[in-house]
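Residue numbers (the numbering used here): 756 to 962. Positions of the beta carbon are idealized from the N, C-alpha and C atoms, including for glycine.
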């Protein structure tokens, strides 16, 4: 079933994965950020819509690749008790927002520090490990699995993938959905706090 896992993981990742912190930092560094302060719509909304548009396009472009790969590996694909139901689509949408609300506040750190490249690059280390790209979370040692459950990365790509493949019971799905909602709310609150503090610093020292 490992082939099915990575194929679904890739499909989910095309819609979910967010790298907006680079664009936010670039806006701030190159002076485009100041222009957004004069516009009638919020910077968060603008940033999210850009992210959403790109992810929709990426997903549509990946559809033929998905079916081509599924056909090539049709003899080895075993989806098991896969469940493309409401739970999966809810987990997918929430994972999309978890990814955005973990990278958006990270990008706002650029309002406080000049150099963010090292921080952003370091971010990818736990991301790749705990979002299921290295290996399915179920294959991790128990201590690593428990750590994965406490971090946001699993709830971006790995969790919706596990739900689709039918590897979780209803109680586990409900628990995962609650974690997703918690990370979204936490990320939103952190974004607001970083925005307010960073905006004062931005306008105060003329960054």
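Could you work out which residue in the options is closest to residue i when comparing CA atoms only?
i, options, result
"residue 806", "769, 947 and 783", "769"
"residue 816", "871, 766, 909 and 759", "766"
"residue 823", "903, 784, 762 and 801", "762"
"residue 757", "795, 894 and 797", "894"
"residue 847", "877, 931, 785 and 778", "931"
"residue 926", "775, 810, 842 and 826", "842"
"residue 777", "790, 948, 879 and 885", "879"
"residue 814", "851, 884, 796 and 790", "851"
So, at 8 Å on beta carbons, what are the nonlocal neighbours of residue i in its own chain, with the 5 sequence-adjacent residues on each side left out?
i, result
"residue 799", "859, 946 and 950"
"residue 764", "887, 888, 912, 913 and 916"
"residue 962", "Per-residue confidence for residue 962 stands at a pLDDT of 45, beneath the threshold of 50, marking its modelled position as unreliable; no derived number is given."
"residue 821", "762, 765 and 766"
"residue 938", "853, 856, 857, 907 and 910"
"residue 832", "758, 759, 762 and 825"
Which residues bound the alpha helix (DSSP H) around residue i?
i, result
"residue 781", "775-784"
"residue 912", "Per DSSP, residue 912 belongs to no alpha helix (DSSP H) and is neither H nor E."
"residue 886", "Unbroken run through residue 886: none, as it is neither H nor E."
"residue 796", "Note, residue 796: premise wrong, no alpha helix (DSSP H); not H, not E."
"residue 924", "Where residue 924 is concerned, there is no enclosing alpha helix (DSSP H), given that its DSSP letter is neither H nor E."
"residue 766", "757-771"
"residue 893", "Looking at the DSSP string, residue 893 is not in any alpha helix (DSSP H), and its letter there is neither H nor E."
Please report the distance separating the alpha-carbon of residue i from that of residue j.
i, j, result
"residue 935", "residue 920", "18 Å"
"residue 839", "residue 897", "28 Å"
"residue 929", "residue 922", "13 Å"
"residue 924", "residue 803", "32 Å"
"residue 837", "residue 918", "8 Å"
"residue 788", "residue 943", "19 Å"
"residue 960", "residue 786", "Confidence at residue 960 is low in this model, with a pLDDT of 42, below 50, so its placement is unreliable and no value can be given for it."
"residue 952", "residue 792", "15 Å"
"residue 933", "residue 818", "29 Å"
"residue 876", "residue 794", "31 Å"
"residue 808", "residue 830", "35 Å"
"residue 849", "residue 797", "21 Å"
"residue 790", "residue 812", "27 Å"
Excluding the five sequence neighbours on either side, which residues of its own chain have a C-beta within less than 7 Å of the C-beta of residue i, listed in chain order?
i, result
"residue 780", "862, 865 and 871"
"residue 854", "771, 772, 773 and 911"
"residue 881", "906 and 908"
"residue 900", "892"
"residue 775", "802, 806, 855, 858, 859 and 862"
"residue 845", "932"
"residue 883", "889"
What does a CB cutoff of less than 6 Å around residue i pick up in its chain, not counting 5 residues either side in sequence?
i, result
"residue 828", "758"
"residue 857", "907 and 942"
"residue 1046", "Since the displayed the chain opens at 756 and closes at 962, residue 1046 lies outside it and no answer follows."
"residue 868", "none"
"residue 885", "903, 906, 908 and 909"
"residue 948", "none"
"residue 874", "none"
"residue 810", "770"
Q: Counting only runs of 4+ residues fully inside the stretch 812-880, write out the alpha helix (DSSP H) ranges in chain order.
A: Within the stretch 812-880, the complete alpha helix (DSSP H) runs of at least 4 residues are 841-863.
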